[in-house]
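A.B. asks: Numbering that gives the first Met the number 0 numbers the first residue of the sequence shown as 0 and each following residue consecutively. Glycine included, C-beta positions come from ideal geometry on N, C-alpha and C. It should be emphasised that the depicted structure is a prediction, and the values quoted were computed from it without experimental measurement.
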Amino acid sequence: MKAHRGIPAALLALGLLLTAACSAHNETNGASVSPAASSAGAMKPAAPGSFTEGKQYVRIARTAQQPAATGPVVLVEVFSYGCPHCAEFAPFFDKLRAQLPKDVQVRYMPAVFNDDWKPYAQAFYAVRQLGALDATHDALFKAMMEHYPLNSLQDLAGFYANHGVDQQKFLAAANSPQTQAQIDADTRIEQGWGIDETPTLVVGRLQDDTADAPVVAEYRSAEIHSYEELAQVGNWLVQQAERKGAGP
0 MKAHRGIPAA
10 LLALGLLLTA
20 ACSAHNETNG
30 ASVSPAASSA
40 GAMKPAAPGS
50 FTEGKQYVRI
60 ARTAQQPAAT
70 GPVVLVEVFS
80 YGCPHCAEFA
90 PFFDKLRAQL
100 PKDVQVRYMP
110 AVFNDDWKPY
120 AQAFYAVRQL
130 GALDATHDAL
140 FKAMMEHYPL
150 NSLQDLAGFY
160 ANHGVDQQKF
170 LAAANSPQTQ
180 AQIDADTRIE
190 QGWGIDETPT
200 LVVGRLQDDT
210 ADAPVVAEYR
220 SAEIHSYEEL
230 AQVGNWLVQQ
240 AERKGAGP
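And the structure:
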């Protein structure tokens, strides 16, 4: 579901009860509902350990050219600050992170499903480059929910300025060729993974032990019916990846 500009808070809140994912096709995922909706008779999450390939998760095929991954297990959240469901999922993801083994790495990857979402991806890469991502990630989700909309880079620059980020440095980083190249590269990766809604969790291994090694994906979440279930699936997929060990 794409969040539209200028939606009254009450209507936006109602919309959040109806779906648990923002779609690349600007359509609601009819099978997905938020935890609030699940108490009103929606389908309940699968019990942990009963997740089924082709339903709650799918395997991501490797290309023949990809060498065996030898790095640590990695959990990636594909998200957007423009996705209200990602904002609702944030506390569930924070709890999931705290439960993961210490050797599991966590990464965020912004999605750009439409032009309106591009400033949020630019903002993500800019504050990551400036070392302010950890301090502002959840805060921006909170601001988007409380003060929506923050539509433009100028709006976002003002938000980050209130969190100690220099506006001119932020705008320079957000508009840099480096940021555009990163957006383009991650978009190609997400398309290869079959990502068409947010939030989506991807589990795999890093190509090797270097800090900036690419992710070799093995699984991604699929048909999810609540934020709690999404977190459970992410945790379960991490366990599967760790049991497989390094290698093909």
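Given a cut-off of 8 Å on the beta-carbon distance, is the pair V75 and M108 in contact?
C.D. replies: Yes, they are a contact pair.
A.B. asks: I'd like to check one pair, V57 with Y218: are the Cβ atoms closer than 8 Å?
C.D. replies: Yes; because the gap between Cβ atoms is below 8 Å, this pair is in contact.
A.B. asks: Does the contact criterion of 3 or more C-beta pairs under 8 Å hold for the stretch 124-136 versus the stretch 168-188?
C.D. replies: With a cut-off of 8 Å, the stretch 168-188 and the stretch 124-136 count as touching, because enough Cβ pairs lie within range.
A.B. asks: Report the residue from A131, R187, M144 whose alpha carbon sits nearest the alpha carbon of E87.
C.D. replies: Answer by Cα proximity: M144.
A.B. asks: Could you say if the stretch 200-219 and the stretch 151-165 meet the contact criterion of at least three C-beta pairs nearer than 8 Å?
C.D. replies: The stretch 200-219, when compared against the stretch 151-165, does not touch it at the 8 Å Cβ threshold.
A.B. asks: Below 8 Å on the Cβ atoms is my guess for Q55 versus I223; work out the distance and round it to an integer in Å.
C.D. replies: Right, the Cβ-Cβ distance comes to about 7 Å (below 8 Å), so this counts as a contact.
A.B. asks: From the DSSP output, in three-state form, read off L152 for me.
C.D. replies: If DSSP states are grouped into helix, strand and coil, L152 belongs with the helices.
A.B. asks: Would you mind sorting G191 into buried or exposed? The rule is 16 or more other CB atoms within 10 Å of its CB.
C.D. replies: Label assigned to G191: exposed.
A.B. asks: Give me the residue from L236, A120, K243 with the minimum Cα distance to T51.
C.D. replies: If we check each option's Cα against that of T51, L236 comes out closest.
A.B. asks: Would you report the Cα separation of R61 and A216, rounded to the nearest angstrom?
C.D. replies: Answer to the nearest angstrom: the Cα atoms are 8 Å apart.
A.B. asks: In this structure, how does DSSP classify R231 when only helix, strand and coil are distinguished?
C.D. replies: The sequence given here places Gln at residue 231; Arg does not occur at that position. Helix at Q231.
A.B. asks: Where DSSP assigns a beta bridge to A216, which residues make up the other side?
C.D. replies: Beta-bridge pairing links A216 to G203.
A.B. asks: How is V103 classed by DSSP in three states: helix, strand or coil?
C.D. replies: Coil, per DSSP.
A.B. asks: If I measure Cβ to Cβ from A138 and keep anything under 7 Å in the same chain, skipping five residues before and after, which residues do I get?
C.D. replies: For A138, where only same-chain residues beyond five positions count, the Cβ hits under 7 Å are H162.
A.B. asks: Determine the direct distance from the alpha carbon of Q206 to that of P34, and round the result to whole angstroms.
C.D. replies: In this predicted model, P34 has a pLDDT of only 38, less than 50, meaning its place in the structure is not dependable enough to derive any value.
A.B. asks: Could you tell me if S225 is buried or exposed, where buried requires 16 or more neighbouring beta carbons within 10 angstroms of its beta carbon?
C.D. replies: Counting Cβ neighbours within 10 Å, S225 comes out buried, since at least 16 surround it.
A.B. asks: Which two residues bound the contiguous alpha helix (DSSP H) that contains Y80?
C.D. replies: Premise fails: Y80 is in no alpha helix (DSSP H) and is neither H nor E.
A.B. asks: Under the three-state reduction of DSSP, which class applies to R58: helix, strand or coil?
C.D. replies: Looking at R58 - three-state DSSP - the assignment turns out to be strand.
A.B. asks: Tell me where the alpha helix (DSSP H) around L132 begins and ends.
C.D. replies: From DSSP, the alpha helix (DSSP H) with L132 extends over 132-146.
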